[in-house]
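Chains as they are written, first to last, in the working numbering: chain A, 6 to 706; chain B, 668 to 848. Quick reminder that beta carbons are idealized off the backbone N, C-alpha and C, glycines included. Predicted model, so just to flag it, every value in this text is computed and none were measured. What follows is a short report on a single structure.
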């Protein structure tokens, strides 16, 4: 029985990334003055399962490197090594290094070992120094796998007695594969012990009745052998004995015990490590099974069983309602009408609930997106010489997985900006009478159908004069423009804008905030900044909870029904003559509360036949996109409803001014309008928009 | 031929599934446009439907009639008669037309679209030897869809290979630049 391990590779990668995240966050939480055993254990466990996994799947480079890391961790764990601040950094670097290696394996690139070797050397120095300092303390013989004093070359070989549990084959472990692995460590001879095999009538073909005596000649360490049996050790009798007495640090008493191949002994010896392995392994095996089922081709999602149970309950209800209706329909009389109505009401309720719950499956707590920031802030504050405290709030706020994946980069950008531009250096902060420790708060919460993410810093705030002068310098605004504070703050989101005095590797290249805004707008969201000079800035991101459903306003033009995303609508008005100005060149603008808004006739841009061609007869829907407002002429406003977004690219191609389609209650397709696209389609550029307002300003004056 | 009853459609759909079962054969579904018989590879055909109301796509090229709801999927409907510059056989109403739902290979994978024709005709077997290229057409715009000419005992069928050119980006924009003085 041989298993194709490559099918589990993706799972291993995902698990390892998770393990690395655990290590990382635990490392960042370490308080050097009072090291918490549990934290170290957590890091150790994560490192250990990565090592175990990579060994099993044949990623030798990762296993070797992680082994060194684990060794030092184990020393720390057993209080034989004192952890200092720079060790934390070393471990963090190793986490990065392992991540890179896994990444390389994942993408099939050959492993670049340069960094790993460097770090390995650093670890070896630490380990050697430690061994010299208190080598004696290792004599208890209970030390686990991977100790530096493990016999390296003292033994000529090992005698191994291995008697697995009967059901070893059912757990997917193949002794032959283990022996093959062992044979890579040295010259292996295998003698099967067949005493346990029952008579043929009693044999269960899926059980393993055999035991083996193995002799391994070579320079393998005990740790390496342990590793081979790692997955089965707690279900099997396993005795590993060195063939020759070992010289060196190992104590004699320990060896004596070892030379006696009793089945009880290894339990004693491997007690500590076994527990760890067992825990990690069991949970991992479970996960492997669970994840395999959910796994799809490109991505997987981990769903709480409570959510699944809810779904099953709801489907049950749905089935009951359905059979009730079916029963009712078989011999329907008009007396049963109230019953029918009741049944239909139930049906619609269940369907709605079901829909909500299915959507919930795609929801993940935002901590997935937040989790990378402690490390980022830790590293950046160091390189910038700033003291920063990061506060995460509302980590349990749930958000659609797709939105989460796509909000990550903009968030990183905003946090970097706050750190780099927002927060001042400690001296400056002290001079300004603030705590020298700066504070960045990430806050997430729900508001209506939206999720709000705020990045709050207590730094210097936006420097309005500098932004304005920079914007004038870059030709983004003219010196004669009168801009409100909000408008000035908004300038930072324009393409080609950066006030950073020097281009650093962190920010300041002038691409960024506009990309942030565009990314967020692609998710149907918005981003704003509020800032008080000297007190700090607040970036507020507003996102829809999901990309699959949209609150829409149905409108009609001629025979067609279109949908505006409700979030983009500012207001809808009926016009009268006085409000409409005809600017030379055939463009109508609407004057609304001292603002001039270009009028876009939907029938004209979409080339369809409307009921009303003139602005006076129809309705104007004022919508905003890309910070430009336009008034869209439509025939009628219909209703508001939630619509399920369907892709039009799937079977067609992108259409200008249309972001997607949906299917209405009557089965027809309706197009969802894309405001930014509509603005472009109508030829209203930012320049035009400004010109209209300028022209009318002068006209009015 | 242009008036297909529901039963006829069912019959053809049945034949279709039978024909698709045998993957070895080189079979073509043929249909009529302006009296001419055309054929498409039957393996690309998913189903045949009657006329259903569609939603117009703004500024789309003239052969793209709009979107239809194909059991929850949004699929474009192409009037193949426009591509070949022929008039609909029955000018009174489009509801007499038939829509062949088929998958078209594009750079971005398979796309499902419906093509509107006058009427569906039959399923033919063509051996490779019986298919000839059509050199005289190679210069025209329509030629890109023509794979060759298939001949049976008594007639000739124009065999088509539909491409993403059907929905290629050629939106028509009326001239309406906002110019502000």
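Interface residues of chain A facing residue i [CB-CB closer than 8 Å]
{"i": "residue 739(B)", "result": "651 and 668"}
{"i": "residue 701(B)", "result": "Correct list: empty, because the minimum Cβ distance to chain A is about 26 Å."}
{"i": "residue 853(B)", "result": "Nothing about residue 853(B) can be read from this structure; chain B reaches only from 668 to 848."}
Cβ-based burial, residue i [other Cβ within 10 Å; buried from 16]
{"i": "residue 498(A)", "result": "buried"}
{"i": "residue 466(A)", "result": "buried"}
{"i": "residue 203(A)", "result": "exposed"}
{"i": "residue 489(A)", "result": "exposed"}
{"i": "residue 774(B)", "result": "exposed"}
{"i": "residue 89(A)", "result": "exposed"}
{"i": "residue 415(A)", "result": "buried"}
{"i": "residue 662(A)", "result": "buried"}
{"i": "residue 656(A)", "result": "buried"}
{"i": "residue 827(B)", "result": "buried"}
{"i": "residue 471(A)", "result": "exposed"}
{"i": "residue 778(B)", "result": "buried"}
{"i": "residue 390(A)", "result": "exposed"}
{"i": "residue 130(A)", "result": "exposed"}
{"i": "residue 91(A)", "result": "exposed"}
{"i": "residue 279(A)", "result": "Unreliable placement is indicated for residue 279(A), whose pLDDT of 46 sits below 50; no coordinate value is reported for it."}
{"i": "residue 354(A)", "result": "exposed"}
{"i": "residue 427(A)", "result": "buried"}
Neighbouring residues, chain C, relative to residue i (Cβ below 7 Å)
{"i": "residue 673(A)", "result": "Absent here is chain C; the protein component of the structure consists of chains A and B."}
Residues bridged to residue i [DSSP beta-bridge criterion]
{"i": "residue 30(A)", "result": "In the DSSP output, where bridge partners are listed per residue, residue 30(A) has none listed."}
{"i": "residue 199(A)", "result": "Paired residue(s): none; residue 199(A) is not in a bridge."}
{"i": "residue 242(A)", "result": "168(A)"}
{"i": "residue 700(B)", "result": "703(B)"}
{"i": "residue 547(A)", "result": "457(A) and 531(A)"}
{"i": "residue 629(A)", "result": "634(A)"}
{"i": "residue 592(A)", "result": "588(A)"}
Alpha-carbon to alpha-carbon, residue j and residue i
{"i": "residue 686(A)", "j": "residue 555(A)", "result": "23 Å"}
{"i": "residue 528(A)", "j": "residue 571(A)", "result": "14 Å"}
{"i": "residue 231(A)", "j": "residue 739(B)", "result": "56 Å"}
{"i": "residue 365(A)", "j": "residue 445(A)", "result": "30 Å"}
{"i": "residue 47(A)", "j": "residue 397(A)", "result": "22 Å"}
{"i": "residue 344(A)", "j": "residue 322(A)", "result": "17 Å"}
{"i": "residue 289(A)", "j": "residue 313(A)", "result": "Any reading at residue 289(A) must be qualified, since the residue scores a pLDDT of 44, below 50, and its modelled position is unreliable; the value itself is stated next. So the two alpha carbons sit approximately 21 Å from each other."}
{"i": "residue 198(A)", "j": "residue 25(A)", "result": "42 Å"}
{"i": "residue 383(A)", "j": "residue 132(A)", "result": "26 Å"}
{"i": "residue 768(B)", "j": "residue 707(B)", "result": "11 Å"}
{"i": "residue 617(A)", "j": "residue 356(A)", "result": "39 Å"}
{"i": "residue 525(A)", "j": "residue 748(B)", "result": "43 Å"}
{"i": "residue 772(B)", "j": "residue 717(B)", "result": "24 Å"}
{"i": "residue 641(A)", "j": "residue 624(A)", "result": "6 Å"}
{"i": "residue 201(A)", "j": "residue 191(A)", "result": "28 Å"}
{"i": "residue 751(B)", "j": "residue 812(B)", "result": "9 Å"}
{"i": "residue 597(A)", "j": "residue 468(A)", "result": "31 Å"}
{"i": "residue 80(A)", "j": "residue 12(A)", "result": "35 Å"}
{"i": "residue 600(A)", "j": "residue 592(A)", "result": "15 Å"}
{"i": "residue 630(A)", "j": "residue 680(A)", "result": "5 Å"}
{"i": "residue 746(B)", "j": "residue 23(A)", "result": "52 Å"}
Residues that residue i contacts on chain B, provided the C-beta gap is smaller than 7 Å
{"i": "residue 627(A)", "result": "Those do not exist, as residue 627(A) stays about 17 Å from chain B at its closest Cβ, beyond 7 Å."}
{"i": "residue 676(A)", "result": "722"}
{"i": "residue 558(A)", "result": "Going along chain B, no residue has its Cβ under 7 Å from residue 558(A), so there is no contact; the nearest lies around 17 Å."}
Contacts of residue i in chain A (Cβ-Cβ under 9 Å)
{"i": "residue 780(B)", "result": "656 and 657"}
Proximal chain B residues relative to residue i, where beta-carbon distance stays under 8 Å
{"i": "residue 684(A)", "result": "None at all; the shortest Cβ gap to chain B is about 10 Å."}
Under 9 Å by beta carbon: chain B residues contacting residue i
{"i": "residue 646(A)", "result": "The contacting residues do not exist; residue 646(A) stays about 16 Å from chain B at best."}
{"i": "residue 565(A)", "result": "722, 723 and 725"}
Under 7 Å by beta carbon: chain A residues contacting residue i
{"i": "residue 743(B)", "result": "656 and 657"}
Notebook entry, point to check: Would the stretch 637–653 of chain A and the stretch 665–676 of chain A be scored as touching if the rule is three or more Cβ pairs under 8 Å?
Noted result: Taking 8 Å as the limit for Cβ pairs, the verdict is that the stretch 665–676 of chain A does touch the stretch 637–653 of chain A.
Notebook entry, point to check: Taking three-plus beta-carbon pairs below 8 Å as touching, is the stretch 368–383 of chain A in contact with the stretch 398–416 of chain A?
Noted result: The stretch 368–383 of chain A, when compared against the stretch 398–416 of chain A, does touch it at the 8 Å Cβ threshold.
Notebook entry, point to check: Would you call the stretch 204–212 of chain A and the stretch 178–188 of chain A in contact, with 3 or more CB pairs under 8 Å?
Noted result: Result no; under three Cβ-Cβ pairs closer than 8 Å.
Checklist line | Contact between the stretch 60–79 of chain A and the stretch 104–112 of chain A (3+ Cβ pairs under 8 Å) | finding: As far as the Cβ criterion goes, the stretch 60–79 of chain A touches the stretch 104–112 of chain A, which means the pair count is three or higher.
Notebook entry, point to check: So does the stretch 160–175 of chain A actually touch the stretch 231–244 of chain A, counting three or more Cβ pairs closer than 8 Å?
Noted result: With the cut-off at 8 Å, the stretch 160–175 of chain A and the stretch 231–244 of chain A touch.
Notebook entry, point to check: Three or more beta-carbon pairs under 8 Å between the stretch 329–349 of chain A and the stretch 377–391 of chain A, yes or no?
Noted result: Not touching, per the Cβ criterion.
Note to self: With three or more beta-carbon pairs closer than 8 Å as the criterion, would you say the stretch 562–577 of chain A touches the stretch 607–627 of chain A?
What the structure shows: Counting Cβ pairs under 8 Å, three or more are found: they touch.
Notebook entry, point to check: Does the pairing of the stretch 580–600 of chain A with the stretch 533–543 of chain A give three or more beta-carbon distances under 8 Å?
Noted result: No: the two stretches stay apart, fewer than three of their Cβ pairs being nearer than 8 Å.
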